Amino acid sequence: MSTFLTDRDERALAAAAENRISEPLRLGPALAAVRRLLERRPRTARQGRESLTCHPPRTQPRAR
772 MSTFLTDRDE RALAAAAENR ISEPLRLGPA LAAVRRLLER RPRTARQGRE
822 SLTCHPPRTQ PRAR
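First residue of the sequence shown: 772, per the working numbering; consecutive thereafter.
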């Protein structure tokens, strides 16, 4: 037994789909989920970065 949609039903379904597509993304709940996930991760001690010089050291040219 098939169910046929009327034009009115099809228009209502299309309008509902358009409304779902055009709804703004809800970032608040997504960010809260990420925050909870990060809070559960074990914190490790941060390692200090090794200091690097910006310029190569100035060395005296070797005498020949």
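Beta carbons: idealized from backbone N, C-alpha and C, even for Gly. Here the structure is a predicted model, which means the values were calculated and not measured.
Following the DSSP letters along the chain, one finds ARG811 inside the alpha helix (DSSP H) bounded by residues 798-811. The C-alpha of THR815 lies about 37 Å from the C-alpha of PRO795. In the same chain as PRO800, and ignoring 5 residues on each side of it, no C-beta atom comes closer than 8 Å to its own. Here ARG814 carries a coil assignment [DSSP, helix/strand/coil].
Exclusion of the five residues before and after GLN831 leaves no residue of its chain whose Cβ lies closer than 7 Å to its Cβ.
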